[in-house]
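A.B. asks:
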Amino acid sequence: MKAATDLTARLESSTSVTPQDLQALAKLRDPLGNAVSFYFSHTTTASKAHREELIAIRGLIQEKMNGLPTGSASAPLSHDLADLLALAEEIRLTPNRLHIVFADRSMHVWQQLDLPVISPQSSLYLDQRFHLAPLMRAVQSMAPYSVVLLESGKARVFVVRGTEIHEVPEQASNEDLSLHAEDSRVGWSKHIEGGQRELEKTYFKELLQQLQQFLSKQRIGRLVIGCREDLWGEIEPQFAALEKSVLIGRFHLPSFAASAAEILQIARPLFEASQRARVDTLLQEISETPSRGSYGVEQVLQILAEAGAQKVVLGMQSAQSIHECSACGHMMPDSVQACAFCGSSDLLDIPAEEGIIRQALLSGAEILFAETSAHEGFKDVAALLRHG
6 MKAATDLTAR LESSTSVTPQ DLQALAKLRD PLGNAVSFYF SHTTTASKAH
56 REELIAIRGL IQEKMNGLPT GSASAPLSHD LADLLALAEE IRLTPNRLHI
106 VFADRSMHVW QQLDLPVISP QSSLYLDQRF HLAPLMRAVQ SMAPYSVVLL
156 ESGKARVFVV RGTEIHEVPE QASNEDLSLH AEDSRVGWSK HIEGGQRELE
206 KTYFKELLQQ LQQFLSKQRI GRLVIGCRED LWGEIEPQFA ALEKSVLIGR
256 FHLPSFAASA AEILQIARPL FEASQRARVD TLLQEISETP SRGSYGVEQV
306 LQILAEAGAQ KVVLGMQSAQ SIHECSACGH MMPDSVQACA FCGSSDLLDI
356 PAEEGIIRQA LLSGAEILFA ETSAHEGFKD VAALLRHG
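In structure tokens:
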């Protein structure tokens with residue numbers, strides 16, 4: 006995370022966020038309540054005719070600035086909001102992205118993110134903690150995966166993150182697998198066809214090895230394949246070594262020369278379906294192994310406090326709140342009147358979702374989001390324990 010210096014240096018934004026960044030954001034607490042969390046994303050064009058985005062951003066920020074008390078205590082926050090206001094034009098000119106800023110001048114924090122995610126929203130929070138739920142949803146939606154187009158002796162490799170797709174030409178080795186012979190002997194054509202199949206078999210076997218090395222090096226755990234239906238019958242045995250969790254989908258390739266935008270449009274639904282299936286599989290595991298499962302805000306908070314959760318699934322959250330002790334940071338149900346750890350009665354109301362996400366990040370638990378689920382017992386949150 007970058008320290009807050011002058012605005013010119015702070016204008017640099019990142020298109021990704023690291024686990025270390027997330028943990029640092031989760032740890033920070035500003036007792037003065039000057040932690041700024043800004044989220045903005047609209048689906049539109051960058052045309053100057055569309056000024057409603059600029060008006061919306063400025064109005065959002067100006068409303069907070071007008072509510073600040075006068076005095077030196079609010080000066081750092083005023084500076085952060087003024088810097089954020091200065092970014093409004095830049096943000097408007099890059100639509101169809103998720104723009105995020107975490108700022109706290111008094112804590113020397115300025116984290117600016119420009120993520121390849123389309124998620125219409127407009128929010129600005131001033132609090133003791135950064136609000137991380139929208140960021141974590143974006144992180145899940147832009148998990149990287151690779152798309153590989155296959156043709157006889159040819160391949161194209163792409164890396165996808167959210168709405169961004171990039172071709173990686175150096176990972177595709179193309180070979181001329183054609184065999185030529187001027188001979189009319191009976192059976193010679195079959196001999197050529199057999200040789201052709203052996204060449205293709207060798208080519209795709211070597212290509213798979215290259216792909217596995219590439220995925221490992223790039224830390225990409227998922228793959229989508231596009232090829233003709235008639236070719237897949239010959240290729241499939243060579244890709245049988247891939248784990249089911251890696252090969253998440255396959256589609257019929259209308260043209261090997263398809264554009265990156267066309268490939269993204271076809272591959273994205275397969276990725277999203279695999280995400281939903283992964284969450285459903287996890288909820289099924291939690292349901293079928295009660296000794297390793299936990300449901301509900303109170304139980305999951307307790308498991309997270311003990312660093313006992315391996316994975317956490319969050320559903321469509323209601324307006325449920327929990328308490329956070331302002332003295333020691335311990336979180337508890339909102340029915341509690343005093344902290345069981347330190348005895349303090351100075352308790353803060355915080356969104357349950359934010360508290361669970363922060364505890365999960367700090368304890369190293371994986372976070373997943375469920376859009377909808379019919380799994381028995383699951384409502385807002387569930388956890389898979391590390392040990393039964």
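In terms of the numbering used here, the sequence shown has 36 at position 31, counting the first letter as 1, and numbering is strictly consecutive.
No residue lacks a Cβ here, since even glycine has one placed at the ideal position from N, Cα and C.
1) Could you give the first and the last residue of the continuous alpha helix (DSSP H) run that contains phenylalanine 276?
2) Mapping the DSSP letters down to three states, classify alanine 339 as helix, strand or coil.
3) When the Cα of serine 279 is compared with those of Ser221, Ile327, Leu258, Met147, which residue comes out closest?
4) In the DSSP assignment, the beta strand (DSSP E) including glycine 231 goes from what residue to what residue?
5) If leucine 155 sits next to isoleucine 268, beta carbons under 8 angstroms apart, how far is it from one beta carbon to the other, in whole angstroms?
6) Would you kindly work out how many angstroms separate the C-alpha atoms of serine 326 and leucine 30, rounded to a whole number?
7) For asparagine 39, count the other beta carbons within 10 Å of its own beta carbon; 16 or more makes it buried, fewer makes it exposed. Which is it?
8) Using the Cα positions of glutamine 28 and valine 317, report the straight-line distance between them to the nearest angstrom.
9) Can you have a look at phenylalanine 346 and say buried or exposed, based on whether 16 or more other CB atoms are within 10 angstroms of its CB?
10) Do the CB positions of proline 153 and leucine 89 come within less than 9 angstroms of each other?
11) Taking the alpha carbon of glycine 313 as the point to measure from, which residue in Leu389, Leu373, Gly301, Ala265 has its own alpha carbon closest?
12) Starting from glycine 298 and walking both ways along the beta strand (DSSP E), at which residues does that stretch end?
13) Per the DSSP calculation, leucine 373 is bridged to which residue(s)?
14) Measuring only the C-alpha atoms, how far is glutamine 270 from alanine 324?
15) Would you identify the three-state DSSP class for aspartate 119, choosing helix, strand or coil?
16) Have a look at tyrosine 44 and histidine 257 and give me their C-alpha separation to the nearest angstrom.
17) For glycine 320 and arginine 34, what's the separation of their Cα atoms in angstroms?
18) Do proline 36 and serine 331 have their CB atoms nearer than 9 angstroms?
19) Enumerate, from N- to C-terminal direction, the unbroken alpha helix (DSSP H) stretches of 4 or more residues contained entirely within the stretch 80 to 158.
20) Cβ of valine 173 within 9 angstroms of Cβ of phenylalanine 219?
21) Taking the C-alpha atoms as reference points, what is the distance between valine 106 and aspartate 285?
22) When the Cβ atoms of the stretch 132 to 147 are set against those of the stretch 54 to 68, are three or more pairs found closer than 8 angstroms?
23) Since glutamate 244 contacts leucine 252 with CB under 8 angstroms, what's their CB separation in whole angstroms?
24) Nearest-angstrom Cα distance between glycine 72 and aspartate 85?
25) Alpha helix (DSSP H) containing glycine 254: first to last residue?
26) Could you round the C-beta distance between leucine 247 and leucine 373 to whole angstroms and report it? I think they count as a contact, below 8 angstroms.
27) At which residues does the alpha helix (DSSP H) containing alanine 31 begin and terminate?
28) Using a Cβ-Cβ cut-off of 6 angstroms (strictly less than) and excluding sequence neighbours within five positions of arginine 102, which residues of its own chain qualify?
29) Using the beta-carbon count (16 or more within 10 Å), is glutamine 176 buried or exposed?
30) Which word fits histidine 185, buried or exposed, when buried means at least 16 other C-beta atoms lie within 10 angstroms of its C-beta?
31) Which residues in the same chain have their Cβ closer than 6 angstroms to the Cβ of methionine 336, if we skip the five residues on either side of it in sequence?
32) To the nearest angstrom, report how far apart leucine 309 and serine 157 are at their CA atoms.
33) Does DSSP put valine 164 in a helix, a strand or coil?
34) For serine 350, I'd like the list of residues in its chain whose CB is within less than 7 angstroms of its CB, leaving aside the five on either flank, ordered along the chain.
35) What is the DSSP secondary structure of alanine 345, counted as helix, strand or coil?
36) Here's the rule I'm using: 16 or more other beta-carbon atoms within 10 Å means buried, otherwise exposed. How should glycine 238 be labelled?
C.D. replies: According to the structure data:
1) Taking the first residue of the sequence shown as position 1, residue 276 is located at position 271. Taken as a continuous stretch (DSSP letters only), the alpha helix (DSSP H) holding phenylalanine 276 covers 265 to 293.
2) Numbered from 1 along the sequence shown, position 334 holds the residue referred to as residue 339. Residue 339 is actually aspartate in this sequence, not alanine. Note: aspartate 339 maps to coil in three-state DSSP.
3) Indexing the sequence shown from 1 puts residue 279 at position 274. It is Met147 whose Cα lies nearest to the Cα of serine 279.
4) By one-based count along the sequence shown, residue 231 stands at place 226. From DSSP, the beta strand (DSSP E) with glycine 231 extends over 228 to 232.
5) Within the sequence shown, numbered from 1, the residue matching residue 155 stands at position 150. Within the sequence shown, numbered from 1, the residue matching residue 268 stands at position 263. That belief does not hold up - the Cβ atoms of leucine 155 and isoleucine 268 are roughly 13 angstroms apart, past 8 angstroms.
6) Working through the sequence shown from its first residue, we reach residue 326 at position 321. Working through the sequence shown from its first residue, we reach residue 30 at position 25. Separation of serine 326 and leucine 30 (C-alpha to C-alpha, rounded to the nearest whole angstrom) is 20 angstroms.
7) Counted from its first residue, the sequence shown places residue 39 at position 34. Answer is buried; the Cβ neighbour count reaches 16.
8) As a working mapping, residue 28 is identified with position 23 in the sequence shown. As a working mapping, residue 317 is identified with position 312 in the sequence shown. Cα to Cα, glutamine 28 sits roughly 16 angstroms from valine 317.
9) Taking the first residue of the sequence shown as position 1, residue 346 is located at position 341. Its Cβ having fewer than 16 others within 10 Å, phenylalanine 346 is exposed.
10) Numbered from its first residue, the sequence shown carries residue 153 at position 148. Numbered from its first residue, the sequence shown carries residue 89 at position 84. The question names proline, yet the displayed sequence has valine at residue 153. No, the Cβ-Cβ distance between valine 153 and leucine 89 is not below 9 angstroms.
11) Within the sequence shown, numbered from 1, the residue matching residue 313 stands at position 308. It is Leu389.
12) Reading the sequence shown from its first residue, position 293 is the one you call residue 298. Element bounds for glycine 298: 298 to 300.
13) To locate residue 373, count along the sequence shown from 1; it is residue 368. Bridge partners of leucine 373: Val318.
14) Translated into positions along the sequence shown, residue 270 becomes position 265. Translated into positions along the sequence shown, residue 324 becomes position 319. Whole-angstrom Cα-Cα distance: 35 angstroms.
15) Indexing the sequence shown from 1 puts residue 119 at position 114. Secondary structure of aspartate 119 (DSSP, three-state): strand.
16) Within the sequence shown, the letter at position 39 stands for residue 44. Within the sequence shown, the letter at position 252 stands for residue 257. If you take the alpha carbons of tyrosine 44 and histidine 257, they lie about 37 angstroms apart.
17) Reading the sequence shown from its first residue, position 315 is the one you call residue 320. Reading the sequence shown from its first residue, position 29 is the one you call residue 34. Cα-Cα distance, rounded: 26 angstroms.
18) Within the sequence shown, residue 36 is the residue found at index 31, counting from 1. Within the sequence shown, residue 331 is the residue found at index 326, counting from 1. Contact: yes.
19) 80 to 91, 93 to 97, 138 to 146
20) Locating residue 173 in the sequence shown gives position 168, where the first residue counts as 1. Locating residue 219 in the sequence shown gives position 214, where the first residue counts as 1. Yes, these two residues count as a Cβ contact at 9 angstroms.
21) Here residue 106 refers to the residue found at position 101 of the sequence shown. Here residue 285 refers to the residue found at position 280 of the sequence shown. Computed Cα separation, rounded: 32 angstroms.
22) no
23) Residue numbering aside, residue 244 sits at position 239 when the sequence shown is read from its first letter. Residue numbering aside, residue 252 sits at position 247 when the sequence shown is read from its first letter. The sequence as given places phenylalanine at residue 244; glutamate does not occur at that position. Indeed, because the Cβ distance is near 7 angstroms, the residues count as touching under 8 angstroms.
24) What you label residue 72 is simply residue 67 of the sequence shown in a count that begins at 1. What you label residue 85 is simply residue 80 of the sequence shown in a count that begins at 1. Going from the Cα of glycine 72 to the Cα of aspartate 85 covers about 14 angstroms.
25) In the sequence shown, residue 254 corresponds to position 249, counting from 1. It is not in any alpha helix (DSSP H) - glycine 254 instead sits in the beta strand (DSSP E) that spans 252 to 257.
26) Along the sequence shown, read from residue 1 onward, the residue named residue 247 stands at position 242. Along the sequence shown, read from residue 1 onward, the residue named residue 373 stands at position 368. Incorrect: roughly 22 angstroms between the Cβ atoms, too far for contact.
27) The count along the sequence shown starts at 1 and reaches residue 31 at position 26. Segment 24 to 32, the alpha helix (DSSP H) holding alanine 31.
28) Here residue 102 refers to the residue found at position 97 when the sequence shown is read from its first residue. Only Asp119 meet the Cβ criterion.
29) Counting from one through the sequence shown, the residue named residue 176 turns up at place 171. Under this definition glutamine 176 is a buried residue.
30) As a first step, residue 185 must be located in the sequence shown, where it is residue number 180. With a pLDDT of only 43 at histidine 185, under 50, the local geometry of the prediction cannot be trusted, and no value is derived from it.
31) For the purposes of this step, residue 336 is identified with residue 331 of the sequence shown, where counting begins at 1. Hits under 6 angstroms: Leu306, Ile327, Glu329, Gly360.
32) In the sequence shown, the residue the question calls residue 309 occupies position 304. In the sequence shown, the residue the question calls residue 157 occupies position 152. One alpha carbon belongs to leucine 309, the other to serine 157, and they sit about 51 angstroms apart.
33) As a working mapping, residue 164 is identified with position 159 in the sequence shown. In this structure, valine 164 counts as strand in the three-state DSSP scheme.
34) For the purposes of this step, residue 350 is identified with residue 345 of the sequence shown, where counting begins at 1. So the list reads Gln342, Ala343, once near-sequence residues are dropped.
35) Residue 345 sits at position 340 when you count from the first residue of the sequence shown. In this structure, DSSP gives alanine 345 a state outside helix and strand, which the three-state scheme calls coil.
36) As a first step, residue 238 is located in the sequence shown; it is residue number 233 there, counting from the start. Glycine 238 is exposed by the Cβ-count criterion.
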